[in-house]
Structures are given as C-alpha cells and as structure tokens.
Amino acid sequence: MLLRYEAKNLSLLQKEYYGPDSGAEWSRFWSVHRVDLHSGLRGLATQTQDNTPGPPADIRLGQEITGIDCEAGTVKLKDGRLEQYDLVIIADGAHSRLIEDFTGNPSTVHRTGRSIYRWLVSMDEVNADPVLQNLYTDPQGSRKSGFVAWVDQETRILWVSYKCRGGKVLNNAVVHDTQTGEGEEDLWQSPVSREQILKVLCNFHPSVQNMVSMTAEDGIKAHHLYKRLPLQSFVRGKTLVMGDAAHVMMPIHAAGASVAIETAATLETLFDLSGSTWTMDSRLEMFDKLRVPRCNLAMLSSNAGPEWLHVPGVEDEIRKYYSGPLPSAGAMPYSSAFRDILFKHDEYRAARECMDKTAKN
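So for the sequence shown, this note's numbering puts the first residue at 466; every next one is plus one.
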C-alpha cells in the first residue's frame with residue numbers, strides 16, 4: 466500500500482492498495498535494501514545452482530576497462546591487454562566512461578538541478594513516536610503501509626520512505642532542489658549534515674522532521690540526479706548497453722529497478738544458448754526491439770516527474786519509441802493505471818513472442 470501525505474499538516478492526499486486482495490492480477494511490491502539485493506544476486510551468480518546450466522559466473526575485480534571496439538567486441542584493459550568476446554555488455558552506470566565508445570559522441574548525461582538525500586533509520590525508533598506510528602498504519606485498520614510519502618508543493622520536495630530488512634529498517638529518500646555545496650566535486654555521493662537537511666525540510670511536520678535526527682550525523686548522503694537524451698539503439702556491433710549507462714532516470718516512479726529486472730529477463734531468454742541456432746546478430750536485433758521501447762518509456766516518464774503525462778510534450782517524446790498503452794492523462798501518480806504500465810509487463814512472454822515472430826519471418 467502507498468500513503469501520500471501533505472508535508473506540513475499530514476493530511477492524506479492519496480491511498481493505493483498494492484496487496485493480493487487489492488483486485489490486481491499481480492500481487493504485491495517487494496521493498497529491499499539495495500545492498501541486500503546486490504549481495505543476494507551476486508551469491509546466485511557465483512554459486513553453483515541446481516537446475517542451472519553452465520558454470521557459475523567468474524567476477525574479475527580490479528580489471529579496469531579503458532576502451533571498447535564495439536564492432537569487433539574487443540575490450541582494452543588498463544594494463545594494455547586486449548580481450549575479444551562474442552558479446553560485450555556495457556553496464557557501468559550513470560557515470561559510464563564507455564558510453565562514448567558506444568555512441569561515438571560525447572555523453573549527453575547532465576545534472577538536473579535536483580538531488581536526493583538517502584538514509585536509514587530503525588523502525589523501533591519510528592514507532593516510538595505516536596504520530597509517526599500512526600502514519601505507517603492504514604487509517605482504516607490494521608494494514609501496514611508499504612510506502613509512505615510526503616509532498617511539499619511549495620518547495621517541490623518529495624520524501625518517500627519504505628521498510629526493508631523484514632520491516633526492521635526504514636529507507637528514506639528525499640528528492641529536492643540541489644543546495645549550494647552539495648557534492649560540488651561531482652562525486653557519486655557526498656555527506657550532508659542533519660542541520661542542512663532540516664533547513665531544506667523546514668516546511669515539514671515536526672514528527673516527520675524527527676526522522677532526520679534518528680540517524681547518525683554521518684549517516685546521510687546527498688546524490689546528484691542526472692538525465693540523458695534517449696538512445697535510438699542499445700546495440701552496436703557485438704556490444705549492447707544496458708542499465709543506467711543506457712537510460713539513467715530520475716528515481717520518481719521506482720521504474721529503474723523494474724526495467725533492470727525486465728532486461729535481465731530479456732538476456733536470459735534471448736541468450737539461452739542450449740540447443741539454439743540463433744545467430745548473435747539476430748539475438749541483438751531482438752534485444753533492441755524489446756528494450757528500447759520499454760526502457761525509454763520508463764526513463765522519459767520518470768524524468769517528467771510525478772506529473773508524467775501532464776507535462777507538455779512528454780507523451781509525444783515517448784511515442785517516438787513506444788507504441789504500447791499509456792495511462793490516461795487524468796490518472797493519479799502511482800495509481801494502478803501507472804503501475805500497470807510500468808510494473809505489470811511480462812518480459813519473459815514478450816521475449817518469447819518476439820522470438821516466435823522472428824522465426825516465422
């Protein structure tokens with residue numbers, strides 16, 4: 466469930482049920498700490514799994530790549546060695562150093578003028594405050610909310626929180642206009658004091674502000690938020706690009722993680738080499754057909770902010786890449802109309818259908 470409140474007086478603005486009894490075909494959201502997710506995925510990739518063909522992945526750390534010949538599939542390492550592969554995947558994130566080798570042009574990634582504060586607090590401390598405890602409970606009963614958000618229209622601040630680690634920890638993310646002195650060295654993240662944050666959150670209810678004081682002084686980081694122009698293709702020669710390197714987006718709709726999972730499903734389906742006669746070129750062509758529309762949809766809609774289709778020109782830009790359904794212009798942010806488009810997509814089925822259609826042509 467999502468509860469969205471007005472920042473100053475805590476009046477309820479929106480309530481959305483996500484659970485299995487909400488009437489939706491898909492059941493629920495999972496909220497996890499990204500470190501836990503990363504560790505879990507790495508464990509699955511590097512350990513022998515039952516019913517999984519092939520050896521575990523070999524993750525080679527400390528092997529910095531300084532350049533790629535995308536057409537040839539050749540990778541240049543920092544020590545000067547060249548290695549050649551049938552397939553190269555660029556996935557080095559928003560600050561990709563390799564995207565210029567892929568596009569042949571300077572990167573279009575740029576700051577948005579917006580940043581995000583992130584920190585964790587204990588739910589025991591949150592629940593010790595009666596006002597906060599009430600915010601994390603459905604006003605009509607016993608349901609515990611999955612996402613709680615506060616909106617301050619005056620300062621354009623969106624504060625989103627959700628529980629993770631079995632409901633013991635609360636993850637906080639505050640999207641705001643970048644403040645003077647925040648990460649001026651252009652680092653991925655920079656520390657910020659509680660005093661600085663409280664100045665930014667001056668319009669928020671005192672109980673909500675208290676969650677800033679529940680973390681250590683050095684426990685809050687500020688991250689700059691970036692955008693890039695949409696890529697027309699995610700494939701060049703023997704190379705494909707994915708993740709934030711291809712479509713960095715604002716963290717407004719939680720769509721970045723969903724399209725990453727979709728892309729993993731695409732890779733698993735298209736590049737299953739057991740008993741398959743597909744050429745690498747055919748697989749890469751299908752990858753492009755499947756991922757460019759979905760990823761650019763997620764990026765452009767997220768970069769437009771919660772208003773999404775209410776922002777002039779956004780739908781026209783999306784339609785340059787994506788021809789599928791969109792929510793109506795009057796749909797509420799984070800409502801089922803939005804969630805169905807961003808999160809209900811079955812990429813396994815889409816990939817299989819693409820392969821079947823390609824095989825018939």
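From the three backbone atoms N, C-alpha and C, an ideal C-beta is built for every residue, glycine too. Note that this is a predicted model, so its numbers are computed, not measured.
_Cβ neighbours of R817 in the same chain (closer than 8 angstroms, five flanking residues each side left out)_ = Looking up residue 817 in the sequence shown gives position 352. Answer for R817: T734, listed in chain order.
*Please confirm if G532 has its CB atom under 7 angstroms from at least one CB of chain B.*
Given the protein chain composition of this structure (a single chain), no chain B is represented.
*Leaving aside the five residues before and after N636 along the sequence, list all residues of the same chain whose C-beta is less than 7 angstroms from its C-beta, in chain order.*
Residue numbering aside, residue 636 sits at position 171 when the sequence shown is read from its first letter. So the qualifying residues of the chain are H498, L585, S626, Y627, C629.
_Given this structure, state the Cα-to-Cα distance separating A645 from R784, to the nearest angstrom._
Taking the first residue of the sequence shown as 1, we reach residue 645 at position 180. Taking the first residue of the sequence shown as 1, we reach residue 784 at position 319. At residue 645 the sequence reads Thr, which differs from the Ala that was named. Going from the Cα of T645 to the Cα of R784 covers about 37 angstroms.
*Just how far apart, CA to CA, sit Y582 and Q661?*
In the sequence shown, counting from the first residue as 1, residue 582 sits at position 117. In the sequence shown, counting from the first residue as 1, residue 661 sits at position 196. So the two alpha carbons sit approximately 11 angstroms from each other.
_So within the region 732-816, which uninterrupted alpha helix (DSSP H) runs reach at least 4 residues, ignoring any that extend past its ends?_
Counting only runs of 4 or more, we get 745-768, 779-783, 801-808.
_As assigned by DSSP and simplified to three states, the class of A489_ = Start at 1 with the first residue of the sequence shown, and residue 489 comes out as number 24. Residue placement at A489 is poorly supported in this model, since its pLDDT is 48, which falls under 50; the coordinates still yield a value, given next. If DSSP states are grouped into helix, strand and coil, A489 belongs with coil.
*Grab the span of the alpha helix (DSSP H) containing I564 for me, first residue to last.*
For this step, residue 564 is matched to residue 99 along the sequence shown. Start and end: 564-568.
_Report the CB separation of L563 from I555 in whole angstroms; it is logged as a contact under 8 angstroms._
By one-based count along the sequence shown, residue 563 stands at place 98. By one-based count along the sequence shown, residue 555 stands at place 90. That belief holds up - the Cβ atoms of L563 and I555 are roughly 5 angstroms apart, short of 8 angstroms.
*Thinking R756 and A614 are a contact (beta carbons under 8 angstroms), I'd like their distance in whole angstroms, please.*
Indexing the sequence shown from 1 puts residue 756 at position 291. Indexing the sequence shown from 1 puts residue 614 at position 149. Contact doesn't hold; Cβ gap of about 29 angstroms is too wide.
*asked:* Need the endpoints of the beta strand (DSSP E) that A687 sits in, please.
replied: On the sequence shown, residue 687 is found 222 positions in, with the first residue counted as 1. Per DSSP, A687 belongs to the beta strand (DSSP E) from 686-692.
*Whole-angstrom C-beta distance between A687 and Q654, which should lie under 8 angstroms*: Locating residue 654 in the sequence shown gives position 189, where the first residue counts as 1. Locating residue 687 in the sequence shown gives position 222, where the first residue counts as 1. Separation of the CB atoms of Q654 and A687 is rounded to 7 angstroms, and the pair is thereby assigned contact status at 8 angstroms.
*What's the C-alpha gap between P790 and I726?*
The residue you call residue 790 lines up with position 325 of the sequence shown. The residue you call residue 726 lines up with position 261 of the sequence shown. The C-alpha of P790 lies about 20 angstroms from the C-alpha of I726.
*Note down the Cα distance separating M676 from R576, rounded to an integer number of angstroms.*
Residue numbering aside, residue 676 sits at position 211 when the sequence shown is read from its first letter. Residue numbering aside, residue 576 sits at position 111 when the sequence shown is read from its first letter. Roughly 28 angstroms between the two C-alpha positions.
*Which of helix, strand or coil does DSSP assign to T823?*
In the sequence shown, residue 823 corresponds to position 358, counting from 1. In the structure shown, T823 adopts helical secondary structure according to DSSP, grouped into three states.
*Spatially closest choice to F699 from R507, R759, L774, by CA coordinates*: Translated into positions along the sequence shown, residue 699 becomes position 234. Looking at the Cα atoms, R759 is the closest of the given residues.
*Length of the line joining the Cα atoms of N474 and P521*: Position 9 of the sequence shown holds residue 474. Position 56 of the sequence shown holds residue 521. C-alpha separation (whole angstroms): 53 angstroms.
*Taking the alpha-carbon positions, what's the P571 to L765 distance?*
In the sequence shown, residue 571 corresponds to position 106, counting from 1. In the sequence shown, residue 765 corresponds to position 300, counting from 1. The alpha-carbon atoms of P571 and L765 are separated by roughly 20 angstroms.
*By the 10 Å Cβ neighbour count, where 16 or more other Cβ atoms means buried, how is S487 classified, buried or exposed?*
Counting from one through the sequence shown, the residue named residue 487 turns up at place 22. Unreliable positioning characterises S487 in this predicted model, as indicated by a pLDDT of 49, which lies under 50. The coordinate reading is nonetheless provided below. S487 comes out exposed.
*In this structure, does DSSP put D515 in helix, strand or coil?*
Position 50 of the sequence shown, counted from the start, is the residue given in the question as residue 515. The three-state reading of DSSP puts D515 in coil, since its state is none of H, G, I, E or B.
*In this structure, what does DSSP give as the bridge partners for I554?*
As a first step, residue 554 is located in the sequence shown; it is residue number 89 there, counting from the start. Bridge pairing for I554: L705 [DSSP].
*Applying the criterion that 16 or more other CB atoms from any shown protein chain within 10 Å of the CB defines a buried residue, is A769 buried or exposed?*
Working through the sequence shown from its first residue, we reach residue 769 at position 304. Answer is buried; the Cβ neighbour count reaches 16.
*Would you tell me roughly how many angstroms separate the C-alpha atoms of P771 and V665, rounded to the nearest one?*
Here residue 771 refers to the residue found at position 306 when the sequence shown is read from its first residue. Here residue 665 refers to the residue found at position 200 when the sequence shown is read from its first residue. Rounded to whole angstroms, P771 to V665 spans 20 angstroms at the Cα level.
_Nearest-angstrom beta carbon gap, A720 and S561 [assumed within contact, 8 angstroms]_ = For this step, residue 561 is matched to residue 96 along the sequence shown. For this step, residue 720 is matched to residue 255 along the sequence shown. The beta carbons of S561 and A720 sit about 19 angstroms from each other, so the pair does not count as a contact at 8 angstroms.
*So, helix, strand or coil for Q697, using DSSP?*
If you number the sequence shown from 1, residue 697 lands on position 232. Looking at Q697 - three-state DSSP - the assignment turns out to be coil, as it is neither helix nor strand.
_Which residue wins for smallest C-alpha separation from S496, given the options V591, G632, E782, E481?_
For the purposes of this step, residue 496 is taken as the residue at position 31 of the sequence shown. Looking at the Cα atoms, G632 is the closest of the given residues.
_Endpoints, the alpha helix (DSSP H) within which E660 is located_ = Reading the sequence shown from its first residue, position 195 is the one you call residue 660. Counted as a single uninterrupted DSSP element, the alpha helix (DSSP H) harbouring E660 occupies residues 659-665.
_Span separating the alpha-carbon of D746 from that of L477_ = As a first step, residue 746 is located in the sequence shown; it is residue number 281 there, counting from the start. As a first step, residue 477 is located in the sequence shown; it is residue number 12 there, counting from the start. Each residue's Cα considered, the two are about 52 angstroms apart.
*In three-state DSSP terms, what is V713?*
Within the sequence shown, numbered from 1, the residue matching residue 713 stands at position 248. Under the three-state reduction of DSSP output, V713 falls in the coil class, being neither helix nor strand.
*Throw me the rounded Cβ distance for the E529 and L542 pair, which I believe falls under 8 angstroms.*
Here residue 529 corresponds to residue number 64 of the sequence shown, with the count starting at 1. Here residue 542 corresponds to residue number 77 of the sequence shown, with the count starting at 1. By a beta-carbon distance limit of 8 angstroms, E529 contacts L542. Their separation comes to about 7 angstroms.
*asked:* My output table needs one value for D617: the three-state DSSP class, helix, strand or coil.
replied: In the sequence shown, residue 617 corresponds to position 152, counting from 1. In this structure, DSSP gives D617 an extended state, which the three-state scheme calls strand.
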